[in-house]
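First comes the structure, then the notes that go with it.
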Amino acid sequence: MNPFELFSFAKLFSTVMNGQMSVSSAEMEAACKLLKEMADNNQCMTSEQKEAYKLMVDCAKEASKGKQ
Numbered sequence: 006m007n008p009f010e011l012f013s014f015a016k017l018f019s020t021v022m023n024g025q026m027s028v029s030s031a032e033m034e035a036a037c038k039l040l041k042e043m044a045d046n047n048q049c050m051t052s053e054q055k056e057a058y059k060l061m062v063d064c065a066k067e068a069s070k071g072k073q
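Residue numbers (our numbering): 6 to 73.
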C-alpha cells in the first residue's frame, strides 16, 4: 500500500461518513483498487464472497459518480 492509496482510502471513508469532502477520480480509482486487493488478500473470504465484495466496490464507485 503506497501513501497515495492510503490517503485515497482514508479520504473515501471520510467522504462516506460525513459528506463534507469530495474524492477525485484518481483517488476513487486508488481507493477501489486498494479495497479489491484487500478482498483478494483476505484468507477468511470464499471466492464467491470476494467477488460479491468487488461488485459492491464497483457499485459504490458508479453511485459516487457526479458526487466527486
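Using N, Cα and C, we set each Cβ at its ideal position, and we do this for glycine too.
Could you have a look at S30 and say whether DSSP puts it in helix, strand or coil? Counting from 1 along the sequence shown, the entry for residue 30 is found at position 25. Of the three classes helix, strand and coil, the one that applies to S30 here is helix, per DSSP.
For the alpha helix (DSSP H) containing K59, list its first residue and its last residue. Start at 1 with the first residue of the sequence shown, and residue 59 comes out as number 54. Segment 52-69, the alpha helix (DSSP H) holding K59.
Nonlocal neighbours in the same chain, by C-beta distance under 6 Å from Y58, ignoring five residues either side: Locating residue 58 in the sequence shown gives position 53, counting from the first residue. If we look at Y58 and ignore the five residues flanking it on each side, its Cβ neighbours are A44.
Expressed to the nearest angstrom, what Euclidean distance is found between the alpha-carbon atoms of K66 and T20? Position 61 of the sequence shown, counted from the start, is the residue given in the question as residue 66. Position 15 of the sequence shown, counted from the start, is the residue given in the question as residue 20. Taking the straight line joining both Cα atoms gives about 13 Å.
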